[in-house]
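Residue numbers (UniProt numbering): 1 to 317. Backbone N, C-alpha and C define an ideal beta-carbon position, used for all residues, glycine too. Predicted, not measured: the structure shown is a model, and the values here were computed from it. Read the structure below first, then the notes.
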Ligand SMILES: Cc1cc2nc3c(=O)[nH]c(=O)nc-3n(C[C@H](O)[C@H](O)[C@H](O)COP(=O)(O)OP(=O)(O)OC[C@H]3O[C@@H](n4cnc5c(N)ncnc54)[C@H](O)[C@@H]3O)c2cc1C
């Protein structure tokens, strides 16, 4: 736990002011009004971190999978999940090519609901997934401070944002999904506005300026727009399905990239057990994690769970 003195020492650019909840700057003329109270301090997690090159990190995962005999087919679209007698038997590609497989796993990200509908398993699921449009924004670090070198990934619940160092001494700002922000659910994940909008840019960047008062706000917007694959309670689904041999690791809800290795381990254990006849729906599998030895009850991630009321219903899961 850092008190305000320690926070000032490590992050001199952060204001300690509290604000009266999160609003949108273009709807609230008192947006920058402070309550007069100070935050109490910060929770520092020395072991935490972030990946600022997702392409390299995905490539690393690819190479690691290939070293174990995995094979990747790029730019091929699956158009059919083939099945016989209630059991998956393979997939068909857009080219017409068929690939036979006794096990198929839906890891289609924001297209997960499309693939589940293709397999005919979505109806039976209690928790479903949808694609949600999301923006992250880039701004330069304040003058005289090297945020890329000395900054931390910071979750600022008071302002419903997270921000972290980005290459070129910039700050990447993302949203923690406050209720006042409209949710843009996307019906067709192949057709959405992938340009940063002025309104959301202003919302997230101005919120960051409440915590970093010296933030330079450029006149030109800059950022990345993409889709989250959001489950009904923002907790992922790592599970089997009603179709034998068809599994899913979906509903990453904007936050499971860092959990990918653990998710992969859990899915491998789950698939192995189910293929050997384990009834995971009736008797949820418990999986031991490789490095911490923690026991995870995979029923927590079931497609048939009730909506988890303890979820933050945000990117924080
Ligand atoms: C703006 C943004 C910021 C994020 N920030 C973070 C973060 O800070 N930390 C974090 O942990 N996570 C973050 N995430 C979430 C993270 O990106 C996802 O959890 C992660 O990428 C999910 O990986 P995946 O392999 O399951 O799915 P994806 O990476 O979405 O991959 C799915 C793949 O399936 C392919 N596919 C879909 N349909 C078909 C089909 N019919 N045939 C063949 N292929 C198909 C797609 O082309 C894609 O390559 C963020 C997401 C977004 C959008």
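Sequence-distant residues of its chain with Cβ nearer than 6 Å to residue 42 (five each side left out): 2 and 7
Coil, strand or helix - residue 199 by DSSP: helix
Beta strand (DSSP E) segments (min. 3 residues) lying fully within the stretch 126 to 206: 129 to 140, 154 to 156, 161 to 166 and 170 to 175
Own chain, CB closer than 8 Å to residue 166, minus 5 neighbours either side, in chain order: 52, 138, 148 and 172
Distance between residue 132 and residue 291 (C-alpha atoms, nearest Å): 33 Å
Member of 84, 80 and 112 whose CA lies at the smallest distance from the CA of residue 98: 80
Residue 105 CB to nearest heavy atom of ligand 1 below 7 Å: no
Neighbour-count burial assignment, residue 220, 16 or more Cβ in a 10 Å radius: exposed
Boundaries (first-last residue) of the beta strand (DSSP E) holding residue 215: Premise fails: residue 215 is in no beta strand (DSSP E) and is neither H nor E.
Cross-strand partners of residue 2 (DSSP beta bridge): 42
Residues near residue 189 in its chain [Cβ-Cβ closer than 8 Å; skip 5 each side]: 110, 111, 114, 131 and 227
Residue 11 (DSSP reduced to helix, strand or coil): coil
Cβ neighbours of residue 44 in the same chain (closer than 6 Å, five flanking residues each side left out): 2
Short Cβ contact (8 Å threshold) for residue 245 with residue 103: yes
Residue burial classification, residue 240 (beta-carbon count within 10 angstroms, cutoff 16): buried
Pair within 8 Å by beta-carbon distance, residue 309 and residue 297: no
Residue 78 beta carbon near ligand 1 (any heavy atom closer than 7 Å): yes
Among 126, 20, 216 and 26, the one whose alpha carbon lies nearest that of residue 37: 20
Helix, strand or coil at residue 223 [DSSP, three-state]: strand
Cβ neighbour criterion (16 or more within 10 Å) applied to residue 234: buried
C-alpha distance - residue 85 paired with residue 278, whole-angstrom precision: 19 Å
Whether residue 142 touches residue 215 by CB criterion (8 Å): yes
Best match in 200, 192, 170 and 168 for proximity to residue 177 [C-alpha to C-alpha]: 200
Cβ neighbours of residue 287 in the same chain (closer than 8 Å, five flanking residues each side left out): 265, 266, 269, 270, 295, 296 and 298
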